[in-house]
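S.K.: Okay, here's the structure, questions in a sec.
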DNA sequence: TATGTTATGTGAATTTAATAACATGAGATC
DNA sequence: GATCTCATGTTATTAAATTCACATAACATA
């Protein structure tokens with residue numbers, strides 16, 4: 003079933019989006035869907051949808067389409083979301099707080115197993131069922147909760163230090179919200195989420211493209 | 003100075019990142035930088051940096067490099083950040099709250115001119131210098147504050163409705179944090195930020211690629 | 001059971017983006 | 001002021017991603 007080709011990251015990105023769209027269809031009781039409907043629903047081309055899925059196997063029925071429940075199950079499995087992943091969030095400021103309560107993190111196989119900060123005014127504060135822990139307890143909780151993924155939600159100035167701590171404690175992947183390139187060993191999976199980049203794409207399009215067309 | 007070529011969005015994305023890196027260099031008193039140093043600092047190739055800049059003109063000096071202050075100024079100008087942009091954030095939940103206080107939104111030419119919600123328990127709440135406004139005041143404040151960009155920080159179920167409201171009130175660009183594809187007219191610039199996609203790229207890499215190499 | 005319809009899966013063609021390689025020119029050195 | 005060094009700007013090359021187009025197969029219908 004699983005072909006052994008290099009899968010473009012853009013394909014994985016879209017797979018995640020298809021997957022969430024399928025969840026919605028499923029909740030609405032839709033049982034069958036075509037590549038065209040998925041494409042329409044998420045804003046890509048039908049060929050793109052089929053090509054993306056083709057990296058991983060054949061999931062549809064010619065002349066019919068895809069079974070929503072099945073395809074959802076497959077996409078979740080491909081993304082590794084058929085298992086639960088424990089996360090550690092470091093940084094309990096406004097962003098860390100928002101991430102702790104973010105549904106997208108809590109419903110799709112993710113379990114926030116620890117929130118950490120080194121600011122005494124934040125330690126002990128409750129966020130939902132969680133309590134902000136001092137950074138000193140990071141190693142212990144990572145181990146006891148079997149945490150493999152870390153989320154960095156601290157200011158730029160502290161980000162590298164936190165990344166180092168994560169690497170040192172054996173985390174395998176890092177999601178970094180600080181707008182800075184972090185230095186980590188090659189075997190660590192790291193991705194950055196920069197909240198303002200997309201905003202600046204918008205201003206570029208409004209300002210620059212507008213200026214060009216004059 | 004401004005060449006008239008289609009600029010890849012990936013280039014604009016990187017430009018935004020270069021720009022922030024240059025800000026940091028400038029704060030640290032660095033006056034000159036090479037494409038190699040920028041590349042190193044943000045995690046791309048030197049050729050990529052030069053290629054990206056070449057879309058917009060010649061900013062460096064051969065044999066020397068780029069003047070940090072000048073290049074920063076140019077990149078900001080290209081991104082449209084030499085002017086101030088007023089934003090409206092709709093949704094004053096945890097995410098909306100975090101965005102209001104997010105430095106990246108507040109320092110680089112952006113001015114949050116209004117936060118809106120329709121939940122009575124949130125209306126009137128203060129977020130920094132802002133006060134959460136009822137959605138009814140959206141048209142009035144958009145007009146008086148000259149708001150051109152809207153940020154959607156509401157749940158999926160309300161996102162399309164909010165987008166419609168933004169379009170109807172003449173906003174030109176939308177940054178959407180709800181994980182759903184929104185329907186807007188072609189002349190509206192829209193970009194989605196999906197907080198969990200990157201997380202799922204990480205789990206894909208940990209789970210799927212790990213399974214393949216077995 | 002044959003025929004028509006429909007949507008998949010895929011190989012080829014096209015477009016787009018990234019990398020490599022090099023000619024150019026600015027400044028430094030002697 | 002001639003020469004050398006260095007990093008840019010740019011062209012050529014390679015690689016990658018997307019789109020196109022169609023053969024294929026499943027189902028429905030008569």
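Residue numbers (the working numbering), protein chains in the order written: chain Z, 3 to 216; chain W, 3 to 216.
Where is the CB? At the ideal position from N, CA and C, for every residue including glycine.
This structure is a prediction, so every number in the text was calculated from the model and none was measured.
Would you say residue 82(Z) faces chain W, with C-beta separation under 8 Å as the test?
M.R.: The residue you call residue 82(Z) lines up with position 80 of the first chain. Yes - at least one Cβ of chain W is within 8 Å of the one on residue 82(Z).
S.K.: Apart from the five residues just before and just after residue 174(Z), which ones in its own chain have a Cβ nearer than 6 Å to its Cβ?
M.R.: As a position in the first chain, residue 174(Z) is number 172, starting the count at 1. Cβ within range, chain order: 150.
S.K.: Using a Cβ-Cβ cut-off of 8 Å (strictly less than) and excluding sequence neighbours within five positions of residue 72(W), which residues of its own chain qualify?
M.R.: In the second chain, residue 72(W) corresponds to position 70, counting from 1. Excluding residues within five positions, the ones whose Cβ falls inside 8 Å are 61.
S.K.: Return the residue from the list 53(Z), 184(Z) and 81(Z) that minimises the CA-CA distance to residue 162(Z).
M.R.: If you number the first chain from 1, residue 162(Z) lands on position 160. Of the listed residues, the one whose Cα sits closest to residue 162(Z) is 184(Z).
S.K.: Looking at C-alpha atoms only, which residue of 54(W), 199(W), 193(W) and 200(W) is the closest neighbour of residue 207(Z)?
M.R.: Translated into the one-based positions of the first chain, residue 207(Z) becomes position 205. Of the candidates 54(W), 199(W), 193(W) and 200(W), the one whose C-alpha sits nearest the C-alpha of residue 207(Z) is 193(W).
S.K.: Could you tell me if residue 33(W) is buried or exposed, where buried requires 16 or more neighbouring beta carbons within 10 angstroms of its beta carbon?
M.R.: For the purposes of this step, residue 33(W) is identified with residue 31 of the second chain, where counting begins at 1. The residue is exposed, with fewer than 16 neighbouring Cβ atoms inside 10 Å.
S.K.: Taking residue 116(Z) as part of the beta strand (DSSP E), name the residues at either end of that continuous run.
M.R.: As a working mapping, residue 116(Z) is identified with position 114 in the first chain. First-last of the beta strand (DSSP E) with residue 116(Z): 112 to 119.
S.K.: Can you pull the chain W residues whose beta carbon is under 8 Å from the beta carbon of residue 174(Z), in chain order?
M.R.: For the purposes of this step, residue 174(Z) is taken as residue 172 along the first chain, with counting starting at 1. By Cβ distance, chain W contributes 208.
S.K.: Using the C-alpha atoms, what's the distance from residue 168(Z) back to residue 57(Z)?
M.R.: In the first chain, the residue the question calls residue 57(Z) occupies position 55. In the first chain, the residue the question calls residue 168(Z) occupies position 166. Residue 57(Z) and residue 168(Z): Cα-Cα distance of roughly 32 Å.
S.K.: Skipping 5 residues on each side, what residues in its chain have a beta carbon closer than 6 Å to that of residue 171(W)?
M.R.: Locating residue 171(W) in the second chain gives position 169, counting from the first residue. Answer for residue 171(W): 141 and 144, listed in chain order.
S.K.: Measuring alpha carbon to alpha carbon, tell me which of 111(W), 212(W), 196(W) and 66(W) ends up nearest residue 85(W).
M.R.: In the second chain, residue 85(W) corresponds to position 83, counting from 1. It is 111(W) whose Cα lies nearest to the Cα of residue 85(W).
S.K.: So is residue 29(W) buried or exposed if we call it buried at 16+ other beta carbons inside 10 Å?
M.R.: Translated into positions along the second chain, residue 29(W) becomes position 27. Classification of residue 29(W): exposed, given that the 10 Å Cβ count is below 16.
S.K.: Cβ closer than 7 Å: which chain W residues qualify as neighbours of residue 133(Z)?
M.R.: Here residue 133(Z) corresponds to residue number 131 of the first chain, with the count starting at 1. None at all; the shortest Cβ gap to chain W is about 17 Å.
S.K.: Just the chain W side, please: which residues come within less than 9 Å of residue 35(Z) by C-beta, in chain order?
M.R.: Here residue 35(Z) refers to the residue found at position 33 when the first chain is read from its first residue. Near residue 35(Z) there are no residues of chain W at all, since even the closest Cβ is about 15 Å away, more than 9 Å.
S.K.: For residue 202(Z) and residue 89(W), I'd like the C-alpha separation in whole angstroms.
M.R.: Taking the first chain and counting its residues from 1, the one referred to as residue 202(Z) is at position 200. Taking the second chain and counting its residues from 1, the one referred to as residue 89(W) is at position 87. Rounded to whole angstroms, residue 202(Z) to residue 89(W) spans 12 Å at the Cα level.
S.K.: Counting C-beta neighbours from all protein chains within 10 Å, is the total for residue 178(Z) 16 or more, i.e. buried, or is it exposed?
M.R.: In the first chain, residue 178(Z) corresponds to position 176, counting from 1. Classification for residue 178(Z): buried.
S.K.: Could you list which residues in chain Z have their beta carbon closer than 7 Å to that of residue 198(W), in chain order?
M.R.: For this step, residue 198(W) is matched to residue 196 along the second chain. Result: 106, 107 and 110.
S.K.: Suppose you measure from the CA of residue 105(Z) to the CA of residue 156(W); what does that come to, to the nearest Å?
M.R.: As a working mapping, residue 105(Z) is identified with position 103 in the first chain. As a working mapping, residue 156(W) is identified with position 154 in the second chain. In a straight line, the C-alpha of residue 105(Z) is about 12 Å away from that of residue 156(W).
S.K.: Whole angstroms are fine: how far does the CA of residue 117(Z) sit from the CA of residue 132(Z)?
M.R.: To locate residue 132(Z), count along the first chain from 1; it is residue 130. To locate residue 117(Z), count along the first chain from 1; it is residue 115. Looking at the two C-alpha atoms, the distance is approximately 7 Å.
S.K.: Compare the beta carbon distance of residue 92(W) and residue 154(W) with 8 Å and say whether it is the shorter of the two.
M.R.: Numbered from 1 along the second chain, position 90 holds the residue referred to as residue 92(W). Numbered from 1 along the second chain, position 152 holds the residue referred to as residue 154(W). The answer is yes: Cβ separation under 8 Å.
S.K.: Buried or exposed, going by whether 16 or more other CB atoms sit within 10 Å of the CB of residue 12(W)?
M.R.: Your numbering for residue 12(W) matches position 10 in the second chain. Classification of residue 12(W): exposed, given that the 10 Å Cβ count is below 16.
S.K.: If you run the structure through DSSP and keep just helix, strand and coil, what is residue 142(Z)?
M.R.: Within the first chain, the letter at position 140 stands for residue 142(Z). DSSP places residue 142(Z) in helix when its eight states are reduced to three.
S.K.: So, at 7 Å on beta carbons, what are the nonlocal neighbours of residue 66(W) in its own chain, with the 5 sequence-adjacent residues on each side left out?
M.R.: As a working mapping, residue 66(W) is identified with position 64 in the second chain. The answer, listed in chain order, is 34.
S.K.: Considering only residues of the region 158 to 198 of chain W, which uninterrupted beta strand (DSSP E) runs meet the minimum length of 3 residues and lie entirely inside it, listed in chain order?
M.R.: Fully enclosed beta strand (DSSP E) runs of 3 or longer: 175 to 178 and 191 to 194.
S.K.: Here's the rule: buried if 16 or more other CB atoms are within 10 angstroms of the residue's CB, otherwise exposed. What is residue 109(Z)?
M.R.: Here residue 109(Z) refers to the residue found at position 107 when the first chain is read from its first residue. Its Cβ having fewer than 16 others within 10 Å, residue 109(Z) is exposed.
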